[in-house]
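Read top to bottom, the protein sequences are chains A and B. For any residue, its number in the working numbering is found by taking its place in the first sequence, counting from 1, and adding 265. For any residue, its number in the working numbering is found by taking its place in the second sequence, counting from 1, and adding 38. Note that the Cβ used here is the ideal one computed from N, Cα and C, for glycine as well. Bear in mind that the values here come from a model prediction, so they are computed numbers and not experimental data.
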Amino acid sequence: MNAPATERFVVPIGPQHPALKEPGHFEFTVEGETVVDATVRLGYAHRGIEKGAEGRNWTQTLYLIERICGICSHIHSTAYAVGVEQLAEVEVPARAQAIREIICELERVHSHLLWLGVAAHDAGFDTLFMYTWRDRETVMDILETMSGNRVHYSANVLGGVKFDLTDESAVAILKGVEFLEERTHHYRKVVSEDAFFLQRTRGVGTMTHAEALALGVVGPTARASGVARDVRLDAPYVAYADFPARIQLLTAGDLEARFLARLDELLDSFRLIRVLVAGLPAGELTAKRMPRKLKPGEVISRVEAPRGELFYYIRSTGGEQPDRVKVRTPTLCNMGSVITQTIGHNLADVPMILVGIDPCFSCNDRAVTVRRAGDDNGRAWAWADLRRYGIDYYRRIRN
Amino acid sequence: MDTITTQSPPRWRTMLDRLRNWSLANSPWLVHYNSGSCNGCDIEILATLTPRYDLERLGVKLQGSPRHADVLVCTGPVTRQSADRLRRIYDQMPEPKFVVAVGACSISGGAFRGCYNILGGVDEVIPVDVYVPGCAPRPEAIIHGVAVLLKKLQPDRAEEIDRLLVEAGAVVGEEEGIDEPNAELLGAR
Ligand code: SF4
């Protein structure tokens with residue numbers, strides 16, 4: 266009763282939590298309603314994919330990589346395939362590249378719509394959630410018509426794509442895009458005009474341009490703060506050089522701007538999909554020959570996932586299997602901004618700020634920061650320490 | 039208590055059990071835990087709750103706390119990090135409780151089987167009643183999985199549940215064959 270305003274509580278959230286569909290654990294220290302400190306503990310969905318890739322051959326790894334994330338599976342496999350093809354010095358036909366780009370953009374559409382729904386749900390606006398998810402089924406249908414699957418489309422093979430764009434699916438795409446474009450204009454209006462919704466988003470979680478640069482955020486989160494960063498333009502991959510995207514920049518940097526940035530991206534994706542379908546180059550679907558063994562070498566592959574820059578480092582020692590696959594995903598880059606932004610906000614705003622970066626924990630749980638309690642926070646561990654720790658840890662949990 | 043077990047259960051108790059079973063089968067509450075999935079299965083579970091599939095009209099409700107739940111819907115392989123949490127969530131649920139494992143991963147570890155942080159499927163940690171295969175299973179498959187569970191609970195209502203599902207359009211009747219997913223739906227809205 267009437268606790269003094271200075272009393273501090275720690276509110277733990279997760280890993281099982283109604284607002285988050287994914288396992289992540291947060292601890293927010295609150296003073297009254299205000300958050301004064303925040304920590305995040307990740308790793309519940311860490312599966313060991315990078316290591317797993319080393320035990321599979323180049324083709325098997327493609328399918329493993331695709332399952333890093335069910336929301337942006339195509340972009341992961343594209344990043345990997347582009348890198349491997351570069352290592353193998355294989356030329357991928359233009360038509361295959363363009364089909365890859367179509368799927369990339371369709372995936373962005375499905376991902377952003379999904380996010381809009383989940384974000385609306387976290388704001389307590391379930392009507393919007395239901396509407397966006399209903400509309401999202403349109404793009405799911407398109408993807409299913411093209412690939413036969415709703416989630417992991419497996420569009421890529423090393424050296425090309427698995428399926429062609431048939432006339433039938435082209436018609437379905439254009440029809441679906443037209444419907445979705447109209448809906449997106451409507452959502453843009455709702456998000457920028459609905460007075461109740463604006464109370465949850467306008468001026469909340471503001472990140473200035475300088476902060477965004479300092480925190481190194483990526484993707485729509487960065488572009489909403491005026492950071493002109495988009496791999497599709499900075500370092501075009503697949504067919505983005507021939508069919509360029511347009512960058513969507515906003516300067517406000519608050520949650521509202523993040524909503525608008527993503528909705529603007531949706532509209533640009535629709536434009537781009539139309540251009541692609543109309544101007545699809547003719548040609549083969551796969552390269553003539555894809556070697557099973559790759560020359561020794563290393564490569565970096567960067568792509569723009571729906572959530573921001575996705576980075577792959579792939580190394581070959583000349584065998585049938587990758588020697589190392591390193592993945593850095595956008596959510597990990599953006600996670601730091603959540604921790605800094607929540608401080609000073611009400612606890613009730615925390616889910617919205619979190620969802621504002623469009624977090625994806627299954628992507629996220631790639632890397633683990635190890636901190637020793639009582640030690641200097643963030644002290645770097647040498648390989649031997651880490652190994653020792655790992656052995657002790659597993660020995661302990663086995664007993 | 040000891041004396042009761044030697045006799046047949048009192049009438050009020052069988053009545054109460056029947057009532058509980060009836061309400062559970064008519065309105066199962068679900069809680070969802072992702073023990074390390076790729077999200078693919080999770081978004082399909084969410085999709086079953088949204089207007090196209092709308093599981094809620096069958097009385098199924100997804101809610102937040104394990105303490106209110108009858109059915110635990112699991113997705114993903116069990117990572118070593120989350121095994122303990124999964125166990126805890128299961129323990130927090132009141133009896134009677136049931137588990138539906140959704141997706142290839144939660145059945146066996148799926149594509150991730152053999153990775154160092156993977157224990158395996160959900161049944162390594164908790165007992166599972168219904169398995170829904172697929173990567174990711176379609177929403178129809180998830181609905182079917184829940185229906186299988188409901189039929190298991192009330193075998194004498196099996197036919198009624200089947201009919202309800204077909205009527206609600208949640209599954210396609212056998213004679214109609216496989217659903218054509220996109221044809222007129224794109225235009226219909
Ligand atoms: S079964 Fe497939 S879609 Fe489901 S969690 Fe596993 S990899 Fe993802």
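Q | Complete runs of the alpha helix (DSSP H) confined to the stretch 571–621 of chain A [at least 4 residues] | A | With a minimum length of 4 residues, the continuous alpha helix (DSSP H) runs that stay inside the stretch 571–621 of chain A are 595–607, 615–621.
Q.
Can you tell me whether R636/A is buried or exposed? The criterion is at least 16 other CB atoms within 10 Å of its CB, across all chains shown.
A. Position 371 of the first sequence holds residue 636/A. At R636/A the pLDDT is 49, less than 50, meaning the model places this residue with poor confidence and gives no usable figure here.
Q: Taking 8 angstroms as the cut-off, decide whether the C-beta atoms of R536/A and P485/A are in contact.
A: Mapped onto the first sequence, residue 536/A falls at position 271. Mapped onto the first sequence, residue 485/A falls at position 220. The answer is no: Cβ separation not under 8 angstroms.
Q: Kindly identify the DSSP beta-bridge partner or partners of R306/A.
A: Along the first sequence, read from residue 1 onward, the residue named residue 306/A stands at position 41. DSSP output for R306/A lists H290/A as bridge partner(s).
Q) Within 7 angstroms: the Cβ of V163/B and any heavy atom of the ligand SF4? A) On the second sequence, position 125 is the one that residue 163/B refers to. Not one heavy atom of the ligand SF4 falls within 7 angstroms of the beta-carbon of V163/B.
Q) So D483/A and N599/A are in contact, right, with Cβ under 8 angstroms, and what is the actual spacing, rounded? A) To locate residue 483/A, count along the first sequence from 1; it is residue 218. To locate residue 599/A, count along the first sequence from 1; it is residue 334. In the sequence under discussion, the amino acid at residue 483/A is Val, which differs from the Asp named in the question. Your pair V483/A and N599/A checks out as a contact, with CB atoms roughly 7 angstroms apart and the cut at 8 angstroms.
**Q.** Proximity test, Cβ basis, 8 angstroms: A638/A and chain B
**A.** Here residue 638/A corresponds to residue number 373 of the first sequence, with the count starting at 1. With a pLDDT of 48 at A638/A, under the threshold of 50, the predicted position of this residue should be treated as unreliable, though the coordinate-derived value follows. No, no contact with chain B.
Q | Any 3 or more C-beta pairs closer than 8 angstroms across the stretch 490–497 of chain A and the stretch 436–448 of chain A | A | The answer is no - the stretch 436–448 of chain A does not touch the stretch 490–497 of chain A, with fewer than three Cβ pairs under 8 angstroms.
Q. Is the Cβ of Y71/B closer than 8 angstroms to any Cβ of chain A?
A. The residue you call residue 71/B lines up with position 33 of the second sequence. Answer yes: the Cβ-Cβ gap between Y71/B and chain A drops below 8 angstroms somewhere.
Q.
Residues in the same chain with beta-carbon distance under 6 angstroms from V590/A, minus the five sequence neighbours each way, listed in chain order, please.
A. Counting from 1 along the first sequence, the entry for residue 590/A is found at position 325. If we look at V590/A and ignore the five residues flanking it on each side, its Cβ neighbours are E315, A318, I579.
Q. Listed from N- to C-terminal order along the chain, which residues in the stretch 445–474 of chain A have their beta-carbon within a distance smaller than 8 angstroms of any beta-carbon of chain B?
A. So the list is empty, because no residue satisfies the distance condition.
(Q) Any heavy atom of the ligand SF4 inside 7 angstroms of the beta-carbon of S457/A? (A) Walking along the first sequence from the start, residue 457/A turns up at place 192. Shortest gap from the CB of S457/A to any heavy atom of the ligand SF4: 7 angstroms or more.
**Q.** For E287/A and G621/A, the rounded distance between their alpha carbons
**A.** The residue given as residue 621/A occupies position 356 in the first sequence. The residue given as residue 287/A occupies position 22 in the first sequence. Cα to Cα, G621/A sits roughly 15 angstroms from E287/A.
Q.
Which residues of the stretch 173–192 of chain B have a Cβ closer than 7 angstroms to any Cβ of chain A? Give them in chain order.
A. Against chain A - using a Cβ distance shorter than 7 angstroms - the residues of the stretch 173–192 of chain B are C173, A174, R176.
Q: Specify the secondary structure class of R95/B as computed by DSSP and reduced to three states.
A: Locating residue 95/B in the second sequence gives position 57, counting from the first residue. Residue state, collapsed to three classes: helix.
Q) Taking all protein chains shown into account, do 16 or more other C-beta atoms lie within 10 angstroms of the C-beta of N59/B, making it buried, or fewer, making it exposed? A) Stepping through the second sequence from its first residue, residue 59/B is reached at position 21. Taking all protein chains in view, the Cβ of N59/B is surrounded by fewer than 16 other Cβ atoms within 10 Å, so the residue is classified as exposed.
Q.
Which residues end up in the neighbourhood of the ligand SF4 when you take C-beta atoms closer than 5 angstroms to any of its heavy atoms?
A. Per the Cβ criterion, the list is R332/A, G335/A, S75/B, C76/B, G78/B, C79/B, G114/B, G141/B, A142/B, C143/B, G148/B, C173/B, A174/B.
Q. Do the stretch 568–576 of chain A and the stretch 539–552 of chain A meet, that is, are 3 or more Cβ pairs less than 8 angstroms apart?
A. Too few Cβ pairs lie closer than 8 angstroms, so no.
Q. Any Cβ of chain B within less than 8 angstroms of the Cβ of L379/A?
A. Position 114 of the first sequence, counted from the start, is the residue given in the question as residue 379/A. Closer than 8 angstroms to some Cβ of chain B, the Cβ of L379/A qualifies, so yes.
Q | According to DSSP, residues forming a beta bridge with P143/B | A | Here residue 143/B refers to the residue found at position 105 of the second sequence. For the record, residue 143/B in the displayed sequence is Cys; it is not Pro. BP columns for C143/B are empty, so no partner.
Q) If you drop the 5 nearest sequence neighbours on each side, which residues of the same chain put their C-beta closer than 6 angstroms to that of N624/A? A) Translated into the one-based positions of the first sequence, residue 624/A becomes position 359. As written in the sequence, residue 624/A is Pro, which differs from the Asn given in the question. In its chain, beyond the 5 residues on either side, T596 have a beta carbon closer than 6 angstroms to the beta carbon of P624/A.
Q. Rounded to a whole number of angstroms, what is the C-alpha to C-alpha distance between D406/A and I367/A?
A. Within the first sequence, numbered from 1, the residue matching residue 406/A stands at position 141. Within the first sequence, numbered from 1, the residue matching residue 367/A stands at position 102. D406/A and I367/A have their C-alpha atoms roughly 15 angstroms apart.
Q: Pull up the DSSP beta-bridge partners for V184/B, would you.
A: Reading the second sequence from its first residue, position 146 is the one you call residue 184/B. According to DSSP, which records beta bridges pairwise, V184/B is partnered with nothing at all.
Q. Which residues mark the beginning and the end of the beta strand (DSSP E) in which R125/B is found?
A. Here residue 125/B is taken as the residue at index 87 of the second sequence, counted from 1. In the DSSP annotation of this structure, R125/B is not part of any beta strand (DSSP E); the continuous alpha helix (DSSP H) holding it starts and ends at 121–130.
Q. For K427/A, which residues from the same chain have a beta carbon less than 8 angstroms from its beta carbon, with the 5 sequence-adjacent residues on both sides left out?
A. For the purposes of this step, residue 427/A is taken as the residue at position 162 of the first sequence. Excluding residues within five positions, the ones whose Cβ falls inside 8 angstroms are S412, S419, A420, N421, L550.
Q) Quick one: Cα of G225/B to Cα of F461/A, how far? A) Within the second sequence, numbered from 1, the residue matching residue 225/B stands at position 187. Within the first sequence, numbered from 1, the residue matching residue 461/A stands at position 196. Confidence at G225/B is low in this model, with a pLDDT of 38, below 50, so the placement of that residue should be treated as unreliable; the coordinate-derived value is given next. Between G225/B and F461/A, the C-alpha separation is close to 32 angstroms.
Q) Which residues, in chain order, does the stretch 90–123 of chain B contribute to contact with chain A at a C-beta distance below 8 angstroms? A) Listed in sequence order: R90, Q101, G102, S103, P104, G114, P115, T117, R118, Q119, S120, R123.
Q. From T471/A to R373/A, what does the alpha carbon distance come to, in whole angstroms?
A. Taking the first sequence and counting its residues from 1, one reaches residue 471/A at position 206. Taking the first sequence and counting its residues from 1, one reaches residue 373/A at position 108. Distance from the CA atom of T471/A to the CA atom of R373/A, rounded to whole angstroms, is 24 angstroms.
(Q) Would S627/A pass as an interface residue toward chain B - the criterion being a Cβ-Cβ separation below 8 angstroms? (A) By one-based count along the first sequence, residue 627/A stands at place 362. Proximity of S627/A to chain B, defined by a Cβ-Cβ separation below 8 angstroms, is satisfied.
Q: State the CB to CB distance for the pair A142/B and G183/B, rounded to an integer number of angstroms; the pair is presumed to be in contact (CB under 8 angstroms).
A: Taking the first residue of the second sequence as position 1, residue 142/B is located at position 104. Taking the first residue of the second sequence as position 1, residue 183/B is located at position 145. Here A142/B is actually not in contact with G183/B; their C-beta atoms are around 13 angstroms apart, not less than 8 angstroms.
Q.
Output needed for D400/A: all residues of its chain with C-beta closer than 8 angstroms, excluding positions within five of it in sequence on either side, in chain order.
A. Stepping through the first sequence from its first residue, residue 400/A is reached at position 135. Contacts found: L378, F444, L445, R448.
Q: Ignore the nearest five residues each way along the sequence and tell me which others in T473/A's own chain have a CB closer than 7 angstroms to its CB.
A: As a first step, residue 473/A must be located in the first sequence, where it is residue number 208. For T473/A, the CB contacts under 7 angstroms within the same chain, skipping 5 residues up- and downstream, are S490, G518 in chain order.
Q: Compute the Euclidean distance between the alpha carbons of C153/B and R652/A, then round it to the nearest angstrom.
A: Locating residue 153/B in the second sequence gives position 115, where the first residue counts as 1. Locating residue 652/A in the first sequence gives position 387, where the first residue counts as 1. Here the C-alpha atom of C153/B lies approximately 17 angstroms from the C-alpha atom of R652/A.
Q.
What residue range does the beta strand (DSSP E) around F274/A cover?
A. Locating residue 274/A in the first sequence gives position 9, where the first residue counts as 1. Looking at the DSSP string, the run of the beta strand (DSSP E) that includes F274/A is 273–278.
Q. Got a sec: is the Cβ-Cβ distance from E287/A to anything in chain B below 8 angstroms?
A. For the purposes of this step, residue 287/A is taken as the residue at position 22 of the first sequence. Taking Cβ atoms only, chain B reaches closer than 8 angstroms to E287/A, which makes this a yes.
Q) Would the beta-carbon of V163/B fall within 8 angstroms of that of A139/B? A) Numbered from 1 along the second sequence, position 125 holds the residue referred to as residue 163/B. Numbered from 1 along the second sequence, position 101 holds the residue referred to as residue 139/B. When the beta-carbon positions are compared, V163/B and A139/B stay at least 8 angstroms from each other.
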